[in-house]
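Each residue of the sequence shown is one higher than the last, beginning at 528 in the working numbering.
Beta carbons: idealized from backbone N, C-alpha and C, even for Gly.
In this text, all values refer to a predicted model and were calculated from it rather than measured experimentally.
Read the structure below first, then the notes.
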Amino acid sequence: MERSGSVGPRKDRPAGAPSPSGPTPRTPALPAVSHDSCNRGRSNGPDPAAATPSVTDAGRRLPGSLRAGLLACAPLLGACGGPQSALTTASATAERIAHLWWWMAAGAAVLWVLVVGLATYAVLVRPGKHGERASRLLIVGGGAVLPTVVLTGLLIYGLAFIPELLEPGPEDGLRIEVVGEQWWWRVRYVTPDGSVVEAANEVRLPVGRRVELRLSSPDVIHSFWIPSLGGKMDMIPGRTTRIALEPGRTGVFRGACAEYCGASHALMAFDAVVLAEADFQAWLDHQAEPAATPGSGPASRGRDAFLRNGCGACHTVRGTPADGVVGPDLTHVGSRLSLAAGTLPNEPEAFRRWIARTGEVKPGVHMPAFGMLPGEEVRALAAYMESLQ
C-alpha cells in the first residue's frame, strides 16, 4: 500500500500520466491591459507601448512639487501687466522703490528657501544623527542669525531712501493741491504768480520738473498713489501732507486711492498725464480760460437745462452763473480722459448714464440722479458736458 505523501507515479496509472496532486495545465493569459502591464517588466525586448507613454501617463509622472510650483507662479504671471504697477516706473523715485521691492522679494525668497529646507531636513534626517550642540547651532544660525541679517539689511536700505522720498519741491515753483473727497479728487494748480486753476479727477504734470503736491481731506482718510511715479501718501483730515513727483517720461499713468474710504473706494481713481513742458504750459493756460458758450443745437439746450435744473448749485462752470463748490469743477470736463473719478470713459453715452443713474454707477455718491428728466433733455445735458473742452 502506498504511503500518503509519495511522489512517485502510481502503479495502476500509465507512466507519464499526470498525478492528480501535480500542477494543473497553465491556461492562456487573457488579453487584458492589467496582464500586459504586469508582464511588461519581464519582457526581454523593448515594448513599443512602453516606449511612447501617453499624455495621461506623462501627467501622472510630473512631480507634485513641480506642479505646485507652476500653480504658485500662475498669479505672478497674471500680475505682470496692467495700467497700475509699481514695477512699471516712470521716475527716479519710482525706480528706487522698484529696486527696494526686488531686494525685499529676494530677501523673502532666501528666508523661504531656508525655512522650507530646514523643514525638509527635519523630516528626512534620522533622529539622533546630530548632537545637541550641533542642533542648537543650526536653530540659532538658521532661525535667528540669518533672518536678522537679511531683515536688517532691508531695513537700512529702506530707511536710507526715505529722505529722498520726502524731499519737497521748490518753493517758488508750480504747486498742486489735491483734496480727497468722497469719492473723487479736487485738483488745484497754484502757479508762481498766485493764480489758481481748478480741475478734477485728473493730475497733469510737466516732464523733468519736480512738482510738490499738497494733500488733504475734509472727512475721511484717503491715500494718494501713482505707482509709476512714486510712493503713496496718506490724506488725513485736519492735516496737510506733502509729496513731490518728478516724472522722467511722458505718458498716461493710473493713480488711485490706496486707503479704504467707504462704499465707492474701489471707484476712486484718476489719470496722471505727463506732458512735455511746452504742452503742459499750453494746457494750463487753456484750463484757466472760461468755458466757451455753445451756439445753437443740443449743446446750447443742454446749457439751459444745466442752469435751469440747479446743477450750478454744486458745480462751477466758469463763464456762466454756475458757481457751486460742492462738486467737481466742470469748466473743461469734456477734455478729461474719464468721468466720475476713472469710473467711466469720457463719451456721450457715459455722460447720459452718469446723469440719469448716478447712484448705480457709484454707490453712495452725493450727487442725485436725474433720471426723472426726459430723455431728450438728458441727451442735451450730455452734449453740453461734451462741449466743455
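Fill in: Extent of the continuous alpha helix (DSSP H) run through residue 770
The residue you call residue 770 lines up with position 243 of the sequence shown. From DSSP, residue 770 is part of no alpha helix (DSSP H) but of the beta strand (DSSP E) over 768-772.
Worksheet item: Among 675, 641, 740 and 620, which one has its Cα closest to the Cα of residue 689?
Response: Here residue 689 refers to the residue found at position 162 of the sequence shown. Distance from the Cα of residue 689 is smallest, within the candidate group 675, 641, 740 and 620, for 620.
Worksheet item: residue 754: buried (16+ other C-beta within 10 angstroms of its C-beta) or exposed?
Response: Here residue 754 corresponds to residue number 227 of the sequence shown, with the count starting at 1. Buried is the call here.
Worksheet item: Are the beta-carbon atoms of residue 859 and residue 808 separated by less than 7 Å?
Response: Against the sequence shown, residue 859 aligns to sequence position 332. Against the sequence shown, residue 808 aligns to sequence position 281. No. Outside cutoff.
Discussion item. With three or more C-beta pairs closer than 8 Å as the rule, is the region 740-753 touching the region 698-715?
Written reply: Segment contact: the region 698-715 against the region 740-753, three or more CB-CB distances shorter than 8 Å; contact assigned.
Worksheet item: Measuring CA to CA, which of 864, 696, 852 and 836 is closest to residue 882?
Response: Counting from 1 along the sequence shown, the entry for residue 882 is found at position 355. Per the Cα distances, 836.
Discussion item. Output needed for residue 799: all residues of its chain with C-beta closer than 6 Å, excluding positions within five of it in sequence on either side, in chain order.
Written reply: In the sequence shown, counting from the first residue as 1, residue 799 sits at position 272. Cβ neighbours of residue 799 beyond the five flanking positions: 730, 753, 780 and 782.
Discussion item. Using the three-state DSSP reduction, which class does residue 792 fall into: helix, strand or coil?
Written reply: Indexing the sequence shown from 1 puts residue 792 at position 265. DSSP places residue 792 in helix when its eight states are reduced to three.
Discussion item. Let me check understanding here. Comparing Cα to Cα, which of 750, 790, 889 and 817 lies closest to residue 725?
Written reply: On the sequence shown, residue 725 is found 198 positions in, with the first residue counted as 1. Ranking the options by Cα distance to residue 725, first place goes to 817.
Discussion item. With distance defined between alpha-carbon atoms, name the residue in 764, 885, 709 and 638 nearest to residue 675.
Written reply: Taking the first residue of the sequence shown as position 1, residue 675 is located at position 148. Closest by alpha carbon: 638.
Practice prompt. Indicate the three-state DSSP secondary structure (helix, strand or coil) for residue 880 in the structure shown.
Written response: Start at 1 with the first residue of the sequence shown, and residue 880 comes out as number 353. Here residue 880 sits in helix by DSSP.
Worksheet item: For residue 703, which three-state DSSP category applies?
Response: For the purposes of this step, residue 703 is taken as the residue at position 176 of the sequence shown. DSSP places residue 703 in strand when its eight states are reduced to three.
Item to complete: Report the rounded CA-to-CA distance for residue 777 versus residue 805, giving the unit in angstroms.
Response: Along the sequence shown, one-based indexing puts residue 777 at 250. Along the sequence shown, one-based indexing puts residue 805 at 278. Each residue's alpha carbon lies about 12 Å from the other.
Item to complete: Report the rounded CA-to-CA distance for residue 790 versus residue 888, giving the unit in angstroms.
Response: Walking along the sequence shown from the start, residue 790 turns up at place 263. Walking along the sequence shown from the start, residue 888 turns up at place 361. When rounded, the distance between both Cα atoms is 12 Å.
Item to complete: Report, in whole angstroms, the separation of the C-beta atoms of residue 710 and residue 797, which I expect to be a contact under 8 Å.
Response: Here residue 710 refers to the residue found at position 183 of the sequence shown. Here residue 797 refers to the residue found at position 270 of the sequence shown. Wrong, their Cβ atoms sit about 11 Å apart, outside the cutoff.
Worksheet entry | Integer Cβ distance of residue 634 from residue 677, believed to fall under 8 Å | If you number the sequence shown from 1, residue 634 lands on position 107. If you number the sequence shown from 1, residue 677 lands on position 150. With a Cβ gap of about 5 Å, residue 634 and residue 677 count as contacting.
Item to complete: Rounded to whole angstroms, what's the CA-CA distance from residue 610 to residue 785? Just pull it up for me.
Response: Taking the sequence shown and counting its residues from 1, one reaches residue 610 at position 83. Taking the sequence shown and counting its residues from 1, one reaches residue 785 at position 258. Taking the straight line joining both Cα atoms gives about 15 Å.
Practice prompt. Check whether the Cβ atoms of residue 773 and residue 737 sit closer than 7 Å, and answer yes or no.
Written response: In the sequence shown, counting from the first residue as 1, residue 773 sits at position 246. In the sequence shown, counting from the first residue as 1, residue 737 sits at position 210. A contact, by the Cβ cut-off of 7 Å.
Practice prompt. Please report how far the alpha carbon of residue 899 lies from the alpha carbon of residue 694, in whole angstroms.
Written response: Here residue 899 is taken as the residue at index 372 of the sequence shown, counted from 1. Here residue 694 is taken as the residue at index 167 of the sequence shown, counted from 1. If you take the alpha carbons of residue 899 and residue 694, they lie about 51 Å apart.
Worksheet item: Excluding the five sequence neighbours on either side, which residues of its own chain have a C-beta within less than 6 Å of the C-beta of residue 759, listed in chain order?
Response: As a first step, residue 759 is located in the sequence shown; it is residue number 232 there, counting from the start. Taken in chain order, the residues that qualify are 750, 752 and 785.
Worksheet item: In terms of residues, what are the limits of the alpha helix (DSSP H) holding residue 831?
Response: Here residue 831 refers to the residue found at position 304 when the sequence shown is read from its first residue. Bounds of the alpha helix (DSSP H) holding residue 831 are 825-835.
Discussion item. Using only CA atoms, which one of 855, 828 and 832 lies nearest to residue 841?
Written reply: As a position in the sequence shown, residue 841 is number 314, starting the count at 1. Among 855, 828 and 832, the Cα nearest to that of residue 841 belongs to 855.
Item to complete: With DSSP as the reference, label residue 908 as helix, strand or coil.
Response: Counting from one through the sequence shown, the residue named residue 908 turns up at place 381. Note: residue 908 maps to helix in three-state DSSP.
Worksheet entry | Burial state of residue 825, where buried means 16 or more other Cβ atoms lie within 10 Å | In the sequence shown, the residue the question calls residue 825 occupies position 298. Buried is the call here.
Item to complete: Please say whether residue 788 and residue 853 have beta carbons closer to each other than 7 Å?
Response: Translated into positions along the sequence shown, residue 853 becomes position 326. Translated into positions along the sequence shown, residue 788 becomes position 261. No, Cβ-Cβ distance for residue 853 and residue 788 is not below 7 Å.
Practice prompt. For residue 810, count neighbouring C-beta atoms within 10 Å of its own C-beta (all shown protein chains included) and say buried if the count is 16 or more, exposed if not.
Written response: By 1-based counting over the sequence shown, the position of residue 810 is 283. Label assigned to residue 810: buried.
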